[in-house]
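Protein chains in written order, with my numbering: chain F, 1 to 275; chain R, 1 to 353; chain D, 1 to 321.
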């Protein structure tokens, strides 16, 4: 039915926008492997044997802290995802399965955090974290991020739990399982696809966040990679090889993870998890 | 196996009464079917027996033990759910063994029971499959298997055939009947399908609006429905009902100006009554209730003639072969003697003398 | 058993479980989430709002100051000038997103959801990529690209004969904010695109078939059938844009630092809040005024949410398919 001309136009627009989206990323990664002179003289040329120079990466990984920052980011992200999923699933289960007096009120209370950004409470978060002696610790970051991500996790997981047939829990009760065992042995395994969705939505903002690392763990080797790169860039701002290599080091792992999980993410969105 | 008794059972959600004063005895080894229109409370009653729904008052005993306040797992029951409720993340074998593992049953005992259920239900080739790799009929059998391994005193079935297609439904119905004979189990079975109820049950419980309307053997309900509700509910197509006038001596009713002999005797109150007769228990002939042919359905072996009586009530007549009638034809519908049912103003059956 | 008294009405909803056991179950499942959330999200938010009503004395104690902090912020020129500057900049920042980011997102989503489109997944995945990256990375990358030192942007414009247009956009007061907004648009266009795209996918094909049978062409079908049906999603995209924009900080901080310079021309609420609370080269940190600005941000976001909940969401019909 479509005329070939308009199909051509559609692909033209999409391809053009795709190029616009990728151009800066490709440019940075490409030039990070090149000698300084080639970066400036032939920026659009891909790395070739005659202009190849890994000096930027030598500097980045020579700065031993970078690998520590990576570990910090991984610890914070994995820790946040684990506790967000565990606590979120538990709360979502209780709110959907059990009748009690404050059920609706509690659900509304928890959902406030979906829309109101936790950053607005930063003044008090810093005071609280320093009172708890958690400044410059990854624990502080994990606690704050769990608090930040719980509301959406509870919301998404509740929708999924409602889709699990009621008969399954009752079969569990007939089989003699306690409420705890019904949750851990029947519900939790069935929530795996939903938890993957929540994990993807949690992972990216936590990994990329600059605000809380800057406020809560800015020094003492507890920087996340995002903050670490930001500080590194500030130091080496004139050393283009180092800057481009640092940027690439931060970009590539995220993109790899994204390509792996993009299908999961779209499925999560289309299944009506986020409305 | 054991007897189940239900005594003065009430259940309400807030102010809505969903079960009202249910009294019922299910004798040891019998197959009782709860039947009724949707929303009549039959599933709620079954789930109350299972312990999945709290009851408001009354008692349920299983094998002489009052289980009203016990958790489902402590009641010696097993339930087969409408959706089968197989655990999607476990294979067939683990689905059957799951509950036993949590009950702390020894390993070899679990293996023995699962093996036996597997043999009875011919599940060997399916043991390592996940539920989603099974057909509807196979899932059904696994669900029954999971019930069997628990060695319950009572099996509870909640509309187990409603998710199967028509052909498989007939097959599985026969399987369940055989299984009942084999296990000699006490079974309470919920369905909205009266054919299932008639073919499977030793005893049928007809429910309506949270109340038991009648309890009886299948043919008892068919031949002697206790009230208008049961009369209209049991039998397909449904019974014809017409308003009629009972004579003083209780020996005839008049309907549409025509008198029909009945045998209720003088004990019954004369006056307005409801006359019922089944489409298969009447014929089109020279005498009888006057009516006009509305629609004729020809199915080959039988035909259905939809007629309209003088007061507008529809009457359905089942005839052998082709009725050879045209729309608009004036006919007379003659109910067969001995197959007339009379109901009083409250809908209760007027007993024959 | 006929003499057994009527049992007390079940309160727990689970047969055979005592109220105490039921309470234990509830506490077990709910306590961790409620505690962490309350302590690290709700309490700080409430506490921040409360401290905006207090003022620090010279001896370090805090005394109740009523609305004085707010009147200072809104009327004392040393405070009100930067505040209104940041506020109006933030409004511009938001409007640029609404008028550029969301229409582009809608267009891309509409194209992506066309039937029988080849490379659909590839386009979708690649266009969404920048959204995945840290704002810090994006900020620096664009700083390099727009840098006159590297000259990539200039070179690019020159190939189209537009070299004269090039300028130090990030460095000039008149263009810094717009440039940063457009970079942010470039990064986040994936979010409206993916939300609208999934909403479009949820519309059953039969509806479009019906419109085709009714004689609508594809464009008309989009405008008259699909667009009204994704109304709720567009409402959601707008409110998300609002909340995220009035809460933004990272990109401007990464590109311009806390001073959001040249001459605060790119200053928005988030950077103002950070500067006031932590202090900087020009001033000492001020907890009370920081909390006051955060409370103002909270009120602004709350207004946006209210408009969404009571106006947009009420007037938009939700459809289920």
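Glycine is no exception: its CB is placed at the ideal position from the N, C-alpha and C atoms.
If you run the structure through DSSP and keep just helix, strand and coil, what is residue i?
{"i": "residue 266 of chain F", "result": "helix"}
{"i": "residue 166 of chain D", "result": "coil"}
{"i": "residue 248 of chain D", "result": "coil"}
{"i": "residue 207 of chain R", "result": "strand"}
{"i": "residue 17 of chain D", "result": "coil"}
{"i": "residue 179 of chain F", "result": "helix"}
{"i": "residue 6 of chain F", "result": "helix"}
{"i": "residue 223 of chain F", "result": "coil"}
{"i": "residue 155 of chain F", "result": "helix"}
{"i": "residue 81 of chain R", "result": "coil"}
{"i": "residue 46 of chain F", "result": "coil"}
{"i": "residue 2 of chain D", "result": "Here residue 2 of chain D scores only 40 on pLDDT, less than 50, and its place in the model is too uncertain to base an answer on."}
{"i": "residue 104 of chain R", "result": "coil"}
{"i": "residue 115 of chain F", "result": "helix"}
{"i": "residue 304 of chain R", "result": "strand"}
{"i": "residue 120 of chain D", "result": "helix"}
{"i": "residue 139 of chain D", "result": "helix"}
{"i": "residue 243 of chain F", "result": "helix"}
{"i": "residue 214 of chain R", "result": "strand"}
{"i": "residue 335 of chain R", "result": "strand"}
{"i": "residue 308 of chain D", "result": "helix"}
{"i": "residue 274 of chain F", "result": "Residue confidence for residue 274 of chain F is low, a pLDDT of 43 falling below 50, so the modelled location carries little weight; the figure read from the coordinates is stated next. Residue state, collapsed to three classes: coil."}
Considering only residues of the same chain and omitting the five flanking positions on each side of residue i, which have a CB-CB separation below 7 angstroms?
{"i": "residue 266 of chain R", "result": "249, 250"}
{"i": "residue 240 of chain F", "result": "36, 39"}
{"i": "residue 256 of chain R", "result": "289, 290, 309, 310"}
{"i": "residue 114 of chain R", "result": "93, 96, 97, 149"}
Could you give the distance in angstroms between the alpha-carbon of residue i and the alpha-carbon of residue j?
{"i": "residue 305 of chain D", "j": "residue 108 of chain F", "result": "15 angstroms"}
{"i": "residue 226 of chain F", "j": "residue 136 of chain D", "result": "7 angstroms"}
{"i": "residue 252 of chain R", "j": "residue 335 of chain R", "result": "13 angstroms"}
{"i": "residue 199 of chain R", "j": "residue 84 of chain F", "result": "53 angstroms"}
{"i": "residue 54 of chain F", "j": "residue 73 of chain F", "result": "25 angstroms"}
{"i": "residue 293 of chain D", "j": "residue 270 of chain D", "result": "9 angstroms"}
{"i": "residue 213 of chain F", "j": "residue 10 of chain F", "result": "42 angstroms"}
{"i": "residue 72 of chain D", "j": "residue 296 of chain D", "result": "13 angstroms"}
{"i": "residue 365 of chain D", "j": "residue 232 of chain D", "result": "The question about residue 365 of chain D has no answer, for chain D in this structure spans 1 to 321."}
{"i": "residue 45 of chain D", "j": "residue 127 of chain R", "result": "55 angstroms"}
{"i": "residue 44 of chain F", "j": "residue 28 of chain F", "result": "10 angstroms"}
{"i": "residue 108 of chain R", "j": "residue 98 of chain R", "result": "14 angstroms"}
{"i": "residue 39 of chain R", "j": "residue 207 of chain F", "result": "52 angstroms"}
{"i": "residue 52 of chain D", "j": "residue 253 of chain D", "result": "24 angstroms"}
{"i": "residue 245 of chain D", "j": "residue 71 of chain R", "result": "53 angstroms"}
{"i": "residue 169 of chain F", "j": "residue 68 of chain R", "result": "20 angstroms"}
{"i": "residue 297 of chain R", "j": "residue 329 of chain R", "result": "15 angstroms"}
{"i": "residue 238 of chain F", "j": "residue 92 of chain F", "result": "50 angstroms"}
Excluding five sequence neighbours on each side, which residues of the same chain lie with their C-beta closer than 6 angstroms to the C-beta of residue i?
{"i": "residue 351 of chain R", "result": "none"}
{"i": "residue 254 of chain R", "result": "245"}
{"i": "residue 181 of chain D", "result": "93, 96"}
Under 8 angstroms Cβ to Cβ from residue i, same chain only, skipping five residues before and after it: list those, please.
{"i": "residue 5 of chain D", "result": "Interpretation of residue 5 of chain D is limited by its pLDDT of 43, a score under 50 that renders its predicted location unreliable; the figure taken from the coordinates is listed afterwards. Within the same chain, residue 5 of chain D has no close Cβ partners at all."}
Of all Cβ atoms in chain C, is any one closer than 8 angstroms to the Cβ of residue i?
{"i": "residue 37 of chain D", "result": "Going by chain labels, chain C is absent from the structure shown, which instead holds the protein chains F, R and D."}
request  = Identify every run of the alpha helix (DSSP H) within the stretch 222–300 of chain R, keeping only runs that are complete inside it and at least 4 residues long; order them along the chain.
outcome  = 228–233
task = Specify whether the stretch 226–233 of chain F and the stretch 152–170 of chain D touch according to this definition: at least 3 beta carbon pairs, one from each stretch, less than 8 angstroms apart.
result = no
ask   = Within the chosen definition, does the stretch 189–198 of chain D reach the stretch 233–247 of chain D through at least 3 CB pairs nearer than 8 angstroms?
value = yes
In chain order, each beta strand (DSSP E) run of at least 3 residues that lies wholly inside the stretch 140–203 of chain R = 154–158, 186–191
Stretch pair the stretch 315–330 of chain R + the stretch 340–351 of chain R: three plus CB contacts closer than 8 angstroms = no
message = Closer than 8 angstroms is the cut-off here; do at least three beta carbon pairs connect the stretch 216–234 of chain D with the stretch 176–186 of chain D?
response = no
query = For the 8 angstroms Cβ check, are there 3 or more pairs between the stretch 43–60 of chain D and the stretch 203–212 of chain D?
reply = no
inquiry  = Check whether the stretch 127–144 of chain F and the stretch 172–189 of chain F are in contact - that is, three or more C-beta pairs closer than 8 angstroms.
reply    = no
task = Could you tell me whether the stretch 179–196 of chain R touches the stretch 7–23 of chain R, where touching means 3 or more Cβ pairs closer than 8 angstroms?
result = no
key: Touch test, the stretch 82–95 of chain R against the stretch 117–133 of chain R, Cβ-Cβ under 8 angstroms, three pairs minimum   = yes
task = Taking 8 angstroms as the threshold, find out whether the stretch 251–266 of chain F comes into contact with the stretch 124–135 of chain D through three or more Cβ pairs.
result = yes
ask   = So does the stretch 135–146 of chain F actually touch the stretch 46–61 of chain F, counting three or more Cβ pairs closer than 8 angstroms?
value = no
query = Is the stretch 156–163 of chain F in contact with the stretch 64–80 of chain R, if contact means three or more CB pairs nearer than 8 angstroms?
reply = no
ask   = Using 8 angstroms as the Cβ pair cut-off and three pairs as the minimum, do the stretch 109–120 of chain D and the stretch 254–266 of chain D touch?
value = no
Whole runs of the alpha helix (DSSP H) within the stretch 17–68 of chain R, excluding any shorter than 4 residues = 42–50
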